[in-house]
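S.K.: Structure below; questions to follow.
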Amino acid sequence: MKKVASISLGPFSLDCNFSTNFLGHDFEVVRIGTDNDFKAAKKLVAEWRDEADAIGLGLVHDHYWVGTHYFHQRDTAKLEKLAGDTLVSTGARLRRIVQEWSLRSAQHELGNFFNNAKVLFLSGTTDYRLASVMAEFTENLSFADPVLQFGAPGLLHSLKALERYAAGSDPVRRFDPEGRLLPSLAPAKLLNKALLKKAVRDADVIVASYHQLERYGREELDGKVVLTSTISPDRQEALKERGVRVVIDCSIQLFEQTVGLNLVEAMILAALGKPAKEIAHDDYLEIFTDLDLKPRIIYPIEGKKQINRFAFVIHPLSQKYLTNLKPLEILSKVSPPAVMDVVEKAI
22 MKKVASISLG PFSLDCNFST NFLGHDFEVV RIGTDNDFKA AKKLVAEWRD
72 EADAIGLGLV HDHYWVGTHY FHQRDTAKLE KLAGDTLVST GARLRRIVQE
122 WSLRSAQHEL GNFFNNAKVL FLSGTTDYRL ASVMAEFTEN LSFADPVLQF
172 GAPGLLHSLK ALERYAAGSD PVRRFDPEGR LLPSLAPAKL LNKALLKKAV
222 RDADVIVASY HQLERYGREE LDGKVVLTST ISPDRQEALK ERGVRVVIDC
272 SIQLFEQTVG LNLVEAMILA ALGKPAKEIA HDDYLEIFTD LDLKPRIIYP
322 IEGKKQINRF AFVIHPLSQK YLTNLKPLEI LSKVSPPAVM DVVEKAI
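In structure tokens:
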């Protein structure tokens with residue numbers, strides 16, 4: 022029997038322990054949450070590396086690409102290193118494949134679902150691959166990264182702008198990886214909160230983690246389509262209460278328990294006996310076929326369907342307006358000179 026453990030920075034409330042058969046192997050599976058306690062996560066990874074055939078790392082920051090720029094997450098790398106020779110996964114490879122598969126499947130099965138939709142990404146940098154696919158269907162993309170990361174007063178409105186922003190802001194985020202400095206200095210915090218709420222209200226489609234969606238209520242989410250992941254019955258009910266019309270769950274639900282993609286990918290690695298980088302894209306798709314997987318398209322409110330929207334016109338903020346706002350003044354004081362130019366051009 023193979024053993025797989027998911028060590029998560031998520032809540033204890035989602036912990037589970039079960040046995041199952043997967044890809045021809047018997048598995049003993051455990052998920053252990055640490056409630057955002059990184060030290061506890063490190064200790065658990067060290068404890069499980071000699072017991073488990075593979076370890077999943079849940080709710081950690083994935084390493085990712087934005088354009089030609091690679092983002093290496095130091096804390097995630099520390100946990101991966103602690104696993105030693107044990108196979109380890111954040112679910113990143115599987116997540117990218119499942120997201121694209123879910124999006125393309127929904128676009129096909131629901132009849133050009135995303136054509137000309139106004140789509141808001143709360144984290145375009147981490148969901149860059151998904152944004153690239155979405156751009157095939159609509160030009161009306163918005164990204165909230167500069168607002169959430171730096172308290173900047175405007176959204177990004179193209180993949181090119183997102184790429185410039187990601188490359189230019191990376192030195193700041195490396196200097197302040199926890200984001201402690203800039204958010205604490207932002208006097209326009211309430212204004213930016215209102216800006217984000219308006220952006221959510223104005224969008225047709227929201228791409229965000231469930232934890233990000235929890236910040237918004239019925240006023241913002243009523244009638245929306247959301248792309249998210251790991252939607253349990255309780256979470257589905259919560260989204261229903263917020264008025265969400267359609268949920269596209271970019272995850273794989275194979276078991277009675279709701280588990281993250283880090284755990285599913287760890288099980289795949291254990292079954293195949295090799296790391297994710299050695300598993301081809303087509304191998305993952307073959308697994309989807311063997312398991313007869315279908316994209317999870319959920320209608321929390323019975324009878325409500327998504328409708329296509331018309332394209333909208335973007336009115337970028339002027340440079341003069343940007344430079345007069347306090348959050349960018351603060352950003353300029355702690356950033357290399359090139360960062361301000363990049364953020365101005367991107368926004």
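Note that my numbering has the sequence shown beginning at 22, numbered continuously upward. Glycine is no exception: its CB is placed at the ideal position from the N, C-alpha and C atoms. As the structure is a computational prediction, the values presented were derived from the model and not from experiment.
(1) Are there 16 or more other CB atoms within 10 angstroms of the CB of Phe39, so buried, or fewer, so exposed?
(2) Indicate whether the contact test is met: 3 or more Cβ pairs, each with one atom in the stretch 172 to 192 and one in the stretch 105 to 123, closer than 8 Å.
(3) Compute every distance between the C-beta of Asn137 and the non-hydrogen atoms of the ligand HEM, then say whether any falls below 7 Å.
(4) Can you name the residues that DSSP bridges to Tyr91?
(5) Whose C-alpha, out of Asp106, Asp191, Leu65, Ile53, is nearest the C-alpha of Leu290?
(6) Let me make sure I understand the geometry here. Which of Lys218, Val87, Leu260 has the alpha-carbon closest to that of Asp191?
(7) So, using beta-carbon positions, are Thr147 and Tyr85 closer together than 8 Å?
(8) Are there 16 or more other CB atoms within 10 angstroms of the CB of Pro167, so buried, or fewer, so exposed?
(9) Which residues in the same chain as Asp83 place their Cβ atom closer than 6 Å to its Cβ, once the five residues preceding and following it in sequence are excluded?
(10) Closest to Ala152 by C-alpha separation, out of Leu169, His178, Pro174, Ser27, would be which residue?
(11) Taking DSSP as the reference, what is the three-state secondary structure of Ala75?
(12) Return helix, strand or coil for Val81, following the three-state DSSP convention.
(13) Counting C-beta neighbours from all protein chains within 10 Å, is the total for Leu242 16 or more, i.e. buried, or is it exposed?
(14) Could you spell out where the alpha helix (DSSP H) holding Glu240 opens and where it closes?
(15) Identify the residues that DSSP records as bridge partners of Leu177: which are they?
(16) Any idea what DSSP makes of Glu184, helix, strand or coil?
(17) Is it a yes or a no for the stretch 263 to 278 touching the stretch 304 to 324, going by three-plus beta-carbon pairs under 8 Å?
(18) In whole angstroms, what separates the C-alpha of Glu307 from that of Ile300?
(19) Flag this pair as touching only if the stretch 57 to 66 and the stretch 255 to 262 have three or more C-beta atom pairs under 8 Å; answer yes or no.
(20) Hey, quick one: how far does the alpha helix (DSSP H) through Lys24 stretch, first residue to last?
(21) Could you give the residue range of the beta strand (DSSP E) that holds Val265?
(22) Using DSSP's beta-bridge definition, name the partner residues of Arg256.
(23) Alpha carbon to alpha carbon, how far is Gln233 from Asn42? Give it in angstroms, no decimals.
(24) Residues in its own chain within less than 6 Å of Ser29 by CB, not counting five upstream and five downstream?
(25) With DSSP run on the structure shown, which of helix, strand or coil describes Asp225?
(26) Helix, strand or coil: which one does DSSP assign to Glu49?
(27) Please state whether the Cβ-Cβ distance between Arg52 and Val280 is less than 8 Å.
(28) Starting from Asn42, follow the beta strand (DSSP E) in both directions and report where the run begins and ends.
(29) So, are the CB atoms of Leu370 and Ser163 less than 8 Å apart?
(30) Using beta-carbon positions only, say whether Val66 and Ala98 come within less than 8 Å of one another.
(31) Can you look up Thr310 in the DSSP assignment and give me helix, strand or coil?
(32) Looking at the unbroken beta strand (DSSP E) that takes in Ile300, where does it start and where does it end?
(33) Tell me whether Phe134 sits in a helix, a strand or coil according to DSSP, three-state version.
(34) Assuming Leu143 contacts Ala229 (C-beta within less than 8 Å), just tell me the rounded distance between them.
(35) From this set, His129, Gly145, Leu44, which residue's C-alpha is nearest Asp311's C-alpha?
M.R.: On the basis of the coordinates in this document:
(1) exposed
(2) With a cut-off of 8 Å on Cβ pairs, the stretch 172 to 192 is not in contact with the stretch 105 to 123, counting fewer than three such pairs.
(3) As far as ligands go, the structure on display features none, and thus does not contain the ligand HEM.
(4) Trp86
(5) Asp106
(6) Val87
(7) yes
(8) buried
(9) Thr111, Ala113
(10) His178
(11) strand
(12) coil
(13) buried
(14) 239 to 242
(15) Phe164
(16) helix
(17) yes
(18) Cα-Cα distance, rounded: 11 Å.
(19) Because the criterion of three Cβ pairs below 8 Å is not met, the stretch 57 to 66 and the stretch 255 to 262 do not touch.
(20) Unbroken run through Lys24 is the beta strand (DSSP E), 23 to 29; no alpha helix (DSSP H).
(21) Counting along the chain, Val265 falls outside any beta strand (DSSP E), and DSSP gives it neither H nor E.
(22) BP columns for Arg256 are empty, so no partner.
(23) Those two C-alpha atoms are separated by around 33 Å.
(24) Gly54, Gly79, Leu80.
(25) coil
(26) strand
(27) yes
(28) 37 to 43
(29) No information on residue 370 is available, as it lies outside the stretch 22 to 368 that the chain covers here.
(30) Inclusion of Val66 and Ala98 in the CB contact set at 8 Å is not warranted, their separation being larger than that value.
(31) helix
(32) Careful: Ile300 lies outside any beta strand (DSSP E) and carries neither H nor E.
(33) coil
(34) Under the criterion of beta carbons closer than 8 Å, Leu143 and Ala229 qualify as touching, at roughly 4 Å.
(35) It is Leu44 whose Cα lies nearest to the Cα of Asp311.
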